[in-house]
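Everything on this sheet refers to the single structure shown next.
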Ligand SMILES: [Zn+2]
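In this note's numbering, the protein residues as written are 238 to 497.
Structural data, given as structure tokens:
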């Protein structure tokens with residue numbers, strides 16, 4: 238049984254027996270990891286508050302081999318993200334981020350890009366820069382760094398680049414992983430209609446630095462179309478019902494430059 242140490246983010250936990258907890262982490266070096274924290278529910282637990290959801294910590298665990306739960310040996314807080322647990326908006330948005338990571342990543346597969354994205358996403362929520370936009374950008378970028386990079390620049394069928402075309406209704410295909418022009422989209426199923434503005438926003442949101450992407454100002458129409466695209470893409474990736482991912486579109490974005 239080997240002892241490992243890695244930076245980690247707590248995705249969530251459930252009670253296990255009288256005194257223990259089963260915790261799911263996203264770790265920098267082992268990807269998603271489930272482990273048992275013995276005695277974590279006792280009043281004077283040695284883990285203290287380190288196992289609270291969203292906590293960025295340094296995790297030390299015994300690896301008991303594939304198919305077995307790790308044994309959490311030590312967990313030290315690097316940053317607690319306490320303020321995200323103090324109001325409903327923070328809890329709801331942070332939960333959305335960690336739930337998406339939990340559902341979209343396989344156990345035991347390291348993905349440094351996802352780890353960095355989740356850490357950045359929680360930091361943006363904590364800074365209250367523009368929380369609804371932070372979540373939207375997070376979803377767009379998570380799809381890209383989970384190994385499913387949709388093609389936004391040219392029609393998947395006829396290969397003609399969109400930017401040379403006049404504004405028109407385009408279509409997104411979750412199965413094919415990209416966009417189709419109006420002509421090629423005819424008689425192809427299943428497709429989700431989207432505007433040129435949505436295509437341009439999604440392309441920019443995945444290419445730009447996460448901080449700089451907060452300058453984007455998607456219109457209400459773009460927000461609605463993105464929600465539909467995320468919903469169907471995530472359901473395609475995970476093979477689960479789309480309803481699980483998007484319950485409501487949330488509040489609209491704060492004012493600023495419009496992105497059309
Ligand atoms: Zn086409």
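Positions of the beta carbon are idealized from the N, C-alpha and C atoms, including for glycine.
None of the values given here were measured: they were computed from a predicted structure.
Cβ neighbours of residue i in the same chain (closer than 6 Å, five flanking residues each side left out)
i           : result
residue 494 : Note that residue 494 has pLDDT 33, beneath the 50 cutoff, so the model's placement of it is unreliable and the number below is only indicative. Once the five neighbours on either side are set aside, the close Cβ partners of residue 494 are 454.
residue 242 : 297
Residue i, DSSP secondary structure in three states
i           : result
residue 242 : strand
residue 470 : helix
residue 382 : helix
residue 455 : strand
residue 310 : strand
residue 480 : Confidence at residue 480 is low in this model, with a pLDDT of 45, below 50, so the placement of that residue is unreliable and no value is reported for it.
residue 421 : helix
residue 395 : coil
residue 279 : coil
residue 339 : helix
residue 486 : A caution first: residue 486 carries a pLDDT of 36, below 50, which makes its placement in the model unreliable, though a value can still be read off. Three-state DSSP puts residue 486 in coil, outside helix and strand.
Spatial distance of residue i from residue j (CA atoms)
i           : j           : result
residue 364 : residue 385 : 29 Å
residue 395 : residue 419 : 11 Å
residue 381 : residue 407 : 20 Å
Beta-carbon proximity list for residue i, same chain, < 8 Å, skipping 5 on both sides
i           : result
residue 390 : 398, 399, 400 and 440
residue 475 : 340 and 341
residue 371 : 330, 358, 361, 362 and 451
Proximity test, residue i beta-carbon vs ligand 1 heavy atom, cut-off 8 Å
i           : result
residue 461 : no
residue 269 : no
residue 397 : yes
residue 417 : yes
residue 400 : no
Proximal residues to residue i (C-beta, below 7 Å), its chain only, five neighbours per side dropped
i           : result
residue 409 : 416, 428, 429, 431 and 466
residue 253 : 259 and 273
residue 295 : 242, 244, 313 and 315
Meets three-Cβ-pair contact criterion under 8 Å: the segment 272-290 and the segment 239-251: yes
Segment contact flag, the segment 255-273 with the segment 313-325, C-beta cutoff 8 Å, min 3 pairs: no
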